[in-house]
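One rule links them: number in the working numbering = place in the sequence shown (from 1) + 7.
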Amino acid sequence: MEMNMSSSATAIESRLDLLRRQLAAAQEQHAETQRAVRAAERKEERAGSVVYSLREQLEMELLRSWGNQPDLKALLKKGGGGIFYEALSALAEVKGLHLWGEWCDTKEKVLRFGMNRGEIGAVARIADGIRYFAPAMKKRDGGFAVFGVSHRDMEACAWELRYSVKTGQAHLVQLHYGHVEETLDFATLESALRHIEEHLWLESVIDQMPDVLEAPQT
8 MEMNMSSSAT AIESRLDLLR RQLAAAQEQH AETQRAVRAA ERKEERAGSV VYSLREQLEM
68 ELLRSWGNQP DLKALLKKGG GGIFYEALSA LAEVKGLHLW GEWCDTKEKV LRFGMNRGEI
128 GAVARIADGI RYFAPAMKKR DGGFAVFGVS HRDMEACAWE LRYSVKTGQA HLVQLHYGHV
188 EETLDFATLE SALRHIEEHL WLESVIDQMP DVLEAPQT
């Protein structure tokens with residue numbers, strides 16, 4: 008009986024010793040793997056930094072080569088670096104527009120605009136910006152370049168302005184969770200923008216024309 012108990016205890020100790028050695032070996036292998044992963048991460052970070060730097064340099068040189076005629080298609084394309092993004096953002100702002108994410112279908116950056124009610128010169132300024140960018144943009148079905156419209160009730164629905172470079176016509180499209188709810192047709196871009204200015208404005212800040220100075224009385 009005592010011999011059986013002794014043999015059993017010896018077997019247990021042998022099993023425990025084996026498990027301890029296996030655990031130590033596994034822990035060492037795990038630690039080695041972690042060290043390799045950290046080294047690979049550092050290597051990936053360094054490689055990523057090189058890619059980022061080279062992309063920035065390339066985009067800067069391209070901007071210089073374009074001069075006063077930037078390649079709008081290249082600037083709008085998804086996946087550009089920070090230099091292209093900043094250049095496009097600045098250019099859009101000059102034209103009365105701003106950037107807002109990327110379109111899922113065309114894989115281009117979203118150009119968006121908003122209008123205040125009765126703002127002097129806004130229709131002409133936004134129309135000029137749309138006509139500047141639209142020819143370079145990928146077209147949706149029907150040949151329309153699409154711009155986002157910022158308005159005061161954006162939580163309720165979304166509005167898009169779709170403009171045809173070929174015909175000059177424009178549509179205002181209301182969407183709810185991606186589904187078209189309403190489409191308004193306009194013969195010209197300016198008429199669509201005037202509708203936005205009157206009905207889909209951001210702020211009710213009506214500009215006043217400066218008073219005509221009266222001639223001094225003698």
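Think of the CB as a built atom: it goes at the ideal place given N, C-alpha and C, for glycine as much as any other residue.
Exercise. How many whole angstroms separate the CB atoms of GLY136 and LEU104, which I take to be in contact at a CB cut-off of 8 Å?
Worked result: The sequence position of residue 136 within the sequence shown is 129, counting from 1. The sequence position of residue 104 within the sequence shown is 97, counting from 1. That belief holds up - the Cβ atoms of GLY136 and LEU104 are roughly 5 Å apart, short of 8 Å.
Exercise. The beta strand (DSSP E) spanning TYR170 covers which residue range?
Worked result: For this step, residue 170 is matched to residue 163 along the sequence shown. Run containing TYR170: 165–171, per the beta strand (DSSP E) assignment.
Problem set entry | Buried or exposed by the 16-neighbour rule on C-beta atoms within 10 Å, applied to ALA97 | Reading the sequence shown from its first residue, position 90 is the one you call residue 97. ALA97 comes out exposed.
Exercise. Between THR225 and the rest of its own chain, which residues show a CB-CB distance below 8 Å, the 5 nearest in sequence each way excluded?
Worked result: Position 218 of the sequence shown, counted from the start, is the residue given in the question as residue 225. Low confidence applies to THR225: its pLDDT is 47, below 50, so where it sits in the model is not reliable, and the reading given next is rough at best. Once the five neighbours on either side are set aside, THR225 has no close Cβ partner at all.
Exercise. For GLN256, which three-state DSSP category applies?
Worked result: Summary: the structure shown does not reach residue 256, with the chain confined to residues 8 through 225, and so no result is reported for it.
Problem set entry | Neighbourhood of GLU4 by C-beta distance below 7 Å, restricted to the same chain and skipping five residues each side | Shown here, the chain extends from 8 to 225; a query on residue 4 therefore has no answer.
Exercise. Among the residues of its own chain, which have a CB less than 7 Å from the CB of GLY108, if the five just before and after it don't count?
Worked result: As a working note, residue 108 is residue 101 in the sequence shown. Here the set comprises VAL117.
Problem set entry | Extent of the continuous alpha helix (DSSP H) run through VAL130 | In the sequence shown, the residue the question calls residue 130 occupies position 123. Unbroken alpha helix (DSSP H) run through VAL130: 129–140.
Exercise. Between the stretch 57–69 and the stretch 81–94, are three or more C-beta pairs nearer than 8 Å?
Worked result: Segments in contact, yes.
Problem set entry | Those residues which DSSP pairs with VAL187 across a bridge | The residue labelled residue 187 in the question sits at position 180 within the sequence shown. Answer is LEU182, bridged to VAL187.
For this session: Rounded to whole angstroms, what's the CA-CA distance from LEU61 to GLU48? Just pull it up for me.
Result: Residue numbering aside, residue 61 sits at position 54 when the sequence shown is read from its first letter. Residue numbering aside, residue 48 sits at position 41 when the sequence shown is read from its first letter. Rounded to the nearest whole angstrom, the CA to CA distance from LEU61 to GLU48 is 20 Å.
For this session: Could you check what DSSP says for GLY125 in three-state terms: helix, strand or coil?
Result: Sequence index remark: in the sequence shown, residue 125 carries index 118 (1-based). Looking at GLY125 - three-state DSSP - the assignment turns out to be coil, as it is neither helix nor strand.
For this session: Could you tell me which of LYS145, THR17 and ALA32 sits nearest to LYS84, measuring between CA atoms?
Result: As a working mapping, residue 84 is identified with position 77 in the sequence shown. For LYS84, the closest alpha carbon among the candidates LYS145, THR17 and ALA32 is that of LYS145.
Problem set entry | Close-in-space but distant-in-sequence residues of the same chain around SER21 (CB under 7 Å, 5 per side omitted) | One-based indexing of the sequence shown puts residue 21 at position 14. Short of 7 Å from the beta carbon of SER21, and not among the five residues preceding or following it, lies no beta carbon of its own chain.
Problem set entry | Three-way DSSP call (helix, strand, coil) for VAL44 in this model | In the sequence shown, the residue the question calls residue 44 occupies position 37. If DSSP states are grouped into helix, strand and coil, VAL44 belongs with the helices.
For this session: List the endpoints of the continuous beta strand (DSSP E) containing LEU106.
Result: Taking the sequence shown and counting its residues from 1, the one referred to as residue 106 is at position 99. Taken as a continuous stretch (DSSP letters only), the beta strand (DSSP E) holding LEU106 covers 105–109.
Exercise. Are there 16 or more other CB atoms within 10 angstroms of the CB of VAL44, so buried, or fewer, so exposed?
Worked result: Numbered from 1 along the sequence shown, position 37 holds the residue referred to as residue 44. Its Cβ having fewer than 16 others within 10 Å, VAL44 is exposed.
Exercise. For the candidate residues VAL172, SER171 and ILE127, whose alpha-carbon lies nearest to that of ARG201?
Worked result: Working through the sequence shown from its first residue, we reach residue 201 at position 194. Per the C-alpha coordinates, the member of VAL172, SER171 and ILE127 positioned closest to ARG201 is ILE127.
Problem set entry | VAL156, enclosing beta strand (DSSP E) - first and last residue | One-based indexing of the sequence shown puts residue 156 at position 149. 151–157 is the extent of the beta strand (DSSP E) around VAL156.
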